[in-house]
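Note sheet for the following structure.
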Amino acid sequence: MRLVLLGAPGSGKGTQAARLKTYLRVPHISTGDLLRAEVAAGSPLGLQAKEVMARGDLVSDEILLGMLKERFSREDTRDGFILDGYPRNLAQAAALDELLAGLGQKFDAAVQLEVDNELLIERLAGRAQAEGRADDNPESVRKRLRVYDEQTAPVIEFYRQQGQLTVVDGVGSLDEVFARILEAIGAGREVG
Ligand code: B4P
Numbered sequence: 002m003r004l005v006l007l008g009a010p011g012s013g014k015g016t017q018a019a020r021l022k023t024y025l026r027v028p029h030i031s032t033g034d035l036l037r038a039e040v041a042a043g044s045p046l047g048l049q050a051k052e053v054m055a056r057g058d059l060v061s062d063e064i065l066l067g068m069l070k071e072r073f074s075r076e077d078t079r080d081g082f083i084l085d086g087y088p089r090n091l092a093q094a095a096a097l098d099e100l101l102a103g104l105g106q107k108f109d110a111a112v113q114l115e116v117d118n119e120l121l122i123e124r125l126a127g128r129a130q131a132e133g134r135a136d137d138n139p140e141s142v143r144k145r146l147r148v149y150d151e152q153t154a155p156v157i158e159f160y161r162q163q164g165q166l167t168v169v170d171g172v173g174s175l176d177e178v179f180a181r182i183l184e185a186i187g188a189g190r191e192v193g
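One gets the numbering used here by counting positions in the sequence shown from 1 and adding 1 to each.
Next comes the structure, spelled out in structure tokens:
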């Protein structure tokens with residue numbers, strides 16, 4: 002299964018991807034996690050990304066594509082993946098198509114987790130308290146939501162027009178949302 006998970010910050014992408022990974026037995030590729038690992042390692046790329054992420058902006062397409070190419074060059078992505086946090090703009094969507102085409106692959110489904118803004122803000126405030134992530138402060142959260150509306154919403158519209166989009170209600174318990182995703186991708190009975 003080759004899955005692209007879309008949704009606003011706090012919609013549950015990372016949370017559900019971690020579960021899907023175990024269930025579908027394919028790697029979870031989170032561009033946010035890859036970037037945070039670079040920041041934690043203090044690499045030149047991490048140093049560039051750190052401030053951009055903290056203020057809630059998107060890291061450059063070039064950096065993202067380089068990271069993604071490296072990740073997709075590894076064997077474990079050959080039979081499937083869950084891509085979480087990419088693409089976040091139309092240029093990244095085009096780059097993803099090209100990258101996968103070069104590997105002779107296509108994704109099977111793009112799933113959007115839908116959650117209203119009020120709840121997103123509440124969830125991210127909760128994570129700010131629990132984990133202290135640099136970009137979960139109120140100002141950066143507002144910025145991330147704006148960036149999502151301006152840059153990522155068009156990707157969702159593009160996939161919708163291409164007939165590649167499945168929208169899943171992201172409001173509910175972790176188990177409920179998980180079950181909805183499995184149903185949406187037709188994996189409820191086939192795997193597990
Ligand atoms: P990400 O790491 O992708 O972070 P995110 O969009 O905020 O969502 P995340 O997946 O972490 O949270 P989740 O919804 O699971 O990106 C961070 C930054 O990295 C970006 O702002 C950008 O700077 C950079 N970046 C990443 N990808 C990029 C790209 N492609 N291009 C450029 N820049 C990029 O969970 C949030 C909270 O909600 C958690 O506390 C969770 O416990 C809670 N939650 C989840 N589901 C819930 C539920 N059903 N009920 C209640 N709470 C729930």
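Backbone N, C-alpha and C define an ideal beta-carbon position, used for all residues, glycine too.
Could you round the C-beta distance between residue i and residue j to whole angstroms and report it? I think they count as a contact, below 8 Å.
i      : j      : result
Val142 : Leu7   : Incorrect: roughly 18 Å between the Cβ atoms, too far for contact.
Tyr149 : Pro10  : 6 Å
Gln17  : Val116 : Between Val116 and Gln17 the Cβ distance is about 12 Å, and since that is not below 8 Å, they are no contact.
Leu46  : Ile64  : 6 Å
How long is the line joining the alpha carbons of residue i and residue j, rounded to whole angstroms?
i      : j      : result
Val192 : Pro28  : A caution first: Val192 carries a pLDDT of 44, below 50, which makes its placement in the model too unreliable to give a value.
Arg53  : Ala102 : At residue 53 the sequence reads Val, which differs from the Arg that was named. Going by the C-alpha atoms only, they are around 30 Å apart.
Leu104 : Ile83  : 16 Å
Leu120 : Tyr87  : 22 Å
Ser1   : Gly15  : The chain is shown only over 2 to 193; residue 1 falls outside these bounds and no answer can be derived.
Arg124 : Gly33  : 17 Å
Ala96  : Arg37  : 22 Å
Leu100 : Asp77  : 16 Å
Glu158 : Gln152 : 11 Å
Gly189 : Met2   : 13 Å
With a threshold of 6 Å, establish whether the CB of residue i neighbours any heavy atom of the ligand B4P.
i      : result
Thr23  : no
Thr153 : no
Tyr160 : no
Arg20  : no
Gly86  : yes
Leu121 : no
Tell me whether residue i is buried or exposed, calling it buried when 16 or more other Cβ atoms sit within 10 Å of its Cβ.
i      : result
Gly67  : exposed
Val169 : buried
Ala94  : buried
Gly187 : exposed
Just to confirm, does residue i get its C-beta within under 6 Å of one of the non-hydrogen atoms of the ligand ZN?
i     : result
Ala38 : In the structure on display, the ligand ZN does not appear, and the ligands it does have are the ligand B4P.
Given 8 Å, three or more beta-carbon pairs between the region 172-182 and the region 13-26: At 8 Å Cβ cutoff, the stretches touch.
The region 162-169 touching the region 104-113, judged by at least three CB pairs closer than 8 Å: A contact exists between the region 162-169 and the region 104-113.
The region 54-64 / the region 126-142 touching (three or more Cβ pairs under 8 Å): Taking 8 Å as the limit for Cβ pairs, the verdict is that the region 126-142 does touch the region 54-64.
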